[in-house]
Amino acid sequence: MERLVPSGAVAVLSDDAFCGLEGFVLRREAPANVPKNGKRYHIHTFGCQMNMADSERMAGCLETAGYECVEDANHADVLIYNTCSIREKAELKVYSALGKQAKRKRTAGTELKVVVAGCVAQQEGAAMLRRVPEVDIVMGPQYANRILELLERAESSQVLATEAVSVLEDITVPRRESDLTAWVNVIYGCNEKCTYCVVPYTRGQEQSRAAADIKREMLALGEAGYKEVTLLGQNIDAYGRDLPGMADDASGRRAWTFTDLLRYVHDVPGIQRIRFATSHPRYFTDRLVQACAELPKLCEFFHIPFQSGDNDILREMKRGYSHERYRAIIDNIRRYMPDASISGDAIVGFPG
Ligand code: SF4
1 MERLVPSGAV AVLSDDAFCG LEGFVLRREA PANVPKNGKR YHIHTFGCQM
51 NMADSERMAG CLETAGYECV EDANHADVLI YNTCSIREKA ELKVYSALGK
101 QAKRKRTAGT ELKVVVAGCV AQQEGAAMLR RVPEVDIVMG PQYANRILEL
151 LERAESSQVL ATEAVSVLED ITVPRRESDL TAWVNVIYGC NEKCTYCVVP
201 YTRGQEQSRA AADIKREMLA LGEAGYKEVT LLGQNIDAYG RDLPGMADDA
251 SGRRAWTFTD LLRYVHDVPG IQRIRFATSH PRYFTDRLVQ ACAELPKLCE
301 FFHIPFQSGD NDILREMKRG YSHERYRAII DNIRRYMPDA SISGDAIVGF
351 PG
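When we follow UniProt numbering, the leftmost residue of the sequence shown carries the number 1, and every step to the right adds one.
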């Protein structure tokens, strides 16, 4: 659970809940209507729902260009490891897998392109290209929608893509792993600086998607028969604070909030259930609880990491709330939704 990050700071489990999968491989039939380019790709995803959503977008880009998904990494022409830096074990697994594929590339002389994406890539940067010279592309999470462009550049040299960029609005349909439930990103990055967390350094500053784009994606999902959507953000309560203002009857202009977004997308036809993750106690509002109680499609489920029940530790973590504030949030949820399910994360070994 504990790991040393290159800066020497100690990072402990948690980007607020997005830990879970040790490894996840995309495997589904490619759509039949896209002309194939004769190449196959394989994506191995480590880590959180954010990474899974990024992998689905990369897969969508590749299939739009005619690549086919292959289950066996050894048969891939493009091999992507979408990495997670929260758990040291996952990071070690990536290096071990890279070693095997680097050997395959050297000995078989194949045209294999090896791509390392995600948070480990962002953190390691050029050092990874030096450590494993067979790696063709090292790309941070903000580049998921630009995978085709990076592959093209990799034809002539190794590519390092870790500079901060605007996340491109999704122009490609992600190749989703489920036919029923879908992830929809609403905000990328995180502006908090919780002292144990590497996420702001790997996923960058907050970038909210325009509400109209989010709704458009959900409308397409509803039309395609999807029933459930999980809205994703590292700190989803921060949604909208980087967006231009919206009209408000009472007070002129104000920023979009996550509650506004929920109300705006709630009536998308076909979508019957809406979930979201992850909530931050510092920004969690009464308006949000009221909206969840009022809007029938909102699942009565909240994931709100508390991380510690001790105010001194919370201060050291720079979480921006007290245990009293957290308890008040739970009481408030119980007042409006007595049967709501609530889960949380706690760091049991915060090292200071
Ligand atoms: S709020 Fe941001 S910095 Fe704090 S734990 Fe969550 S992702 Fe990390």
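For glycine and all other residues, C-beta sits at the position ideal for the given N, C-alpha and C.
Note that this is a predicted model, so its numbers are computed, not measured.
- prompt: With DSSP run on the structure shown, which of helix, strand or coil describes Ser166?
  reply: Here residue 166 is taken as the residue at index 166 of the sequence shown, counted from 1. DSSP places Ser166 in coil when its eight states are reduced to three.
Boundaries of the alpha helix (DSSP H) in which Gly118 is found, first to last residue: Taking the sequence shown and counting its residues from 1, one reaches residue 118 at position 118. Start and end: 118–124.
- prompt: Lys105: buried (16+ other C-beta within 10 angstroms of its C-beta) or exposed?
  reply: Working through the sequence shown from its first residue, we reach residue 105 at position 105. Buried, because 16 or more other Cβ atoms sit within 10 Å of the Cβ of Lys105.
query: Does the beta-carbon distance from Leu112 to Asp72 come in below 8 Å?
result: Here residue 112 corresponds to residue number 112 of the sequence shown, with the count starting at 1. Here residue 72 corresponds to residue number 72 of the sequence shown, with the count starting at 1. Their beta carbons are not under 8 Å apart, which means Leu112 does not touch Asp72 by this criterion.
- prompt: Taking 7 Å as the cut-off, is the CB of Glu206 close to at least one heavy atom of the ligand SF4?
  reply: For the purposes of this step, residue 206 is taken as residue 206 along the sequence shown, with counting starting at 1. Not so, every heavy atom of the ligand SF4 lies at least 7 Å from the Cβ.
- prompt: Just to check, is the beta-carbon of residue 355 closer than 7 Å to a non-hydrogen atom of the ligand SF4?
  reply: Any answer about residue 355 is impossible in this case: the structure gives the chain only from 1 up to 352.
- request: Can you tell me which of the three DSSP states Ala340 falls into?
  value: Start at 1 with the first residue of the sequence shown, and residue 340 comes out as number 340. Three-state result, Ala340: coil.
message: the ligand SF4 and Gln123: does any heavy atom of the ligand fall closer than 7 Å to the residue's C-beta?
response: What you label residue 123 is simply residue 123 of the sequence shown in a count that begins at 1. Because no heavy atom of the ligand SF4 lies under 7 Å away, the Cβ of Gln123 does not count as near it: no.
- request: Report the three-state DSSP secondary structure of Val268 (helix, strand or coil).
  value: One-based indexing of the sequence shown puts residue 268 at position 268. Correct three-state label for Val268: coil.
field: For Lys113, the residue or residues it bridges with in DSSP
entry: Within the sequence shown, numbered from 1, the residue matching residue 113 stands at position 113. DSSP, once it has assigned bridges, lists Val78 as partnering Lys113.
query: When you compare only the Cα positions, how much space is there between Ile80 and Tyr41?
result: Along the sequence shown, read from residue 1 onward, the residue named residue 80 stands at position 80. Along the sequence shown, read from residue 1 onward, the residue named residue 41 stands at position 41. Roughly 8 Å separates the two Cα atoms.
task: Would you mind working out which of His266, Asp237, Leu295 sits nearest Arg282, comparing C-alpha positions?
output: If you number the sequence shown from 1, residue 282 lands on position 282. With distances taken between Cα atoms, Arg282 lies closest to Asp237.
task: Using beta-carbon positions only, say whether Met218 and Val268 come within less than 8 Å of one another.
output: Translated into positions along the sequence shown, residue 218 becomes position 218. Translated into positions along the sequence shown, residue 268 becomes position 268. Closer than 8 Å, so yes.
query: Since Tyr239 contacts Gly233 with CB under 8 Å, what's their CB separation in whole angstroms?
result: As a first step, residue 239 must be located in the sequence shown, where it is residue number 239. As a first step, residue 233 must be located in the sequence shown, where it is residue number 233. Yes, Tyr239 and Gly233 are in contact; Cβ-Cβ is about 6 Å, under 8 Å.
field: First and last residue of the uninterrupted beta strand (DSSP E) at Glu228
entry: As a working mapping, residue 228 is identified with position 228 in the sequence shown. That run of the beta strand (DSSP E) goes 228–233.
message: I need the DSSP call for Ile329, collapsed to helix, strand or coil.
response: On the sequence shown, position 329 is the one that residue 329 refers to. Three-state result, Ile329: helix.
- prompt: Alpha carbon to alpha carbon, how far is Gln49 from Leu231?
  reply: For the purposes of this step, residue 49 is taken as residue 49 along the sequence shown, with counting starting at 1. For the purposes of this step, residue 231 is taken as residue 231 along the sequence shown, with counting starting at 1. Computed Cα separation, rounded: 10 Å.
message: For Cys197 and Glu88, I'd like the C-alpha separation in whole angstroms.
response: Mapped onto the sequence shown, residue 197 falls at position 197. Mapped onto the sequence shown, residue 88 falls at position 88. So the two alpha carbons sit approximately 13 Å from each other.
- prompt: Can you find a heavy atom of the ligand SF4 that lies under 7 Å from the Cβ of Leu234?
  reply: Numbered from 1 along the sequence shown, position 234 holds the residue referred to as residue 234. Here the sequence assigns Gln to residue 234, which means Leu is not the residue at that position. Checking every heavy atom of the ligand SF4 against the Cβ of Gln234, one is found closer than 7 Å.
field: Cβ-based neighbour list, Gln290, same chain, cut-off 7 Å, excluding 5 preceding and 5 following
entry: By 1-based counting over the sequence shown, the position of residue 290 is 290. Answer for Gln290: Tyr336, listed in chain order.
message: Using 8 Å as the cut-off, can you tell me whether the segment 143–161 makes contact with the segment 192–211, which would need three or more C-beta pairs spanning the two stretches below that distance?
response: no
message: Shorter than 7 Å, the distance from the beta carbon of residue 360 to the closest heavy atom of the ligand SF4, or not?
response: Any question about residue 360 goes unanswered here, given that the chain covers just 1 to 352.
field: Unbroken alpha helix (DSSP H) run spanning Gly60, endpoints
entry: In the sequence shown, residue 60 corresponds to position 60, counting from 1. 49–64 is the span of the alpha helix (DSSP H), which, as asked, contains Gly60.
query: In whole angstroms, what separates the C-alpha of Ile333 from that of Gly47?
result: Taking the sequence shown and counting its residues from 1, the one referred to as residue 333 is at position 333. Taking the sequence shown and counting its residues from 1, the one referred to as residue 47 is at position 47. Taking the straight line joining both Cα atoms gives about 29 Å.
message: Could you compute how far the alpha carbon of Asp242 sits from the alpha carbon of Ala144?
response: Position 242 of the sequence shown, counting from 1, holds the residue named residue 242. Position 144 of the sequence shown, counting from 1, holds the residue named residue 144. Using only the alpha carbons, I get a separation of about 21 Å.
- request: Kindly indicate which three-state DSSP category Phe276 falls into: helix, strand or coil?
  value: By 1-based counting over the sequence shown, the position of residue 276 is 276. Phe276: strand per DSSP, three-state reduction.
task: Assign Leu98 to one of two classes, buried (16 or more other C-beta atoms within 10 Å of its C-beta) or exposed (fewer than that).
output: In the sequence shown, the residue the question calls residue 98 occupies position 98. Buried, by the Cβ-count rule.
- prompt: Which same chain residues, not among the five before or five after Arg176, have their C-beta less than 7 Å away from its C-beta?
  reply: By 1-based counting over the sequence shown, the position of residue 176 is 176. Contacts found: Glu56, Ala182.
Beta carbon of Lys297 nearer than 8 Å to that of Ile330: On the sequence shown, position 297 is the one that residue 297 refers to. On the sequence shown, position 330 is the one that residue 330 refers to. Not a contact, by the Cβ cut-off of 8 Å.
query: Can you name the start and end residues of the alpha helix (DSSP H) that Tyr321 belongs to?
result: Here residue 321 corresponds to residue number 321 of the sequence shown, with the count starting at 1. No alpha helix (DSSP H) holds Tyr321; DSSP gives it neither H nor E.
- request: Pull up the CB-CB distance for Gly118 and Pro141, whole angstroms please, since I reckon it's below 8 Å.
  value: Within the sequence shown, residue 118 is the residue found at index 118, counting from 1. Within the sequence shown, residue 141 is the residue found at index 141, counting from 1. About 6 Å separates the two Cβ atoms, so the contact holds.
Strand pairing of Val186, partner residues [DSSP]: Along the sequence shown, one-based indexing puts residue 186 at 186. For Val186, which the question treats as bridged, DSSP gives no partner whatsoever.
field: Outcome for Asp136 when other beta-carbon atoms lying within 10 angstroms are tallied against a minimum of 16
entry: One-based indexing of the sequence shown puts residue 136 at position 136. So Asp136 counts as buried.
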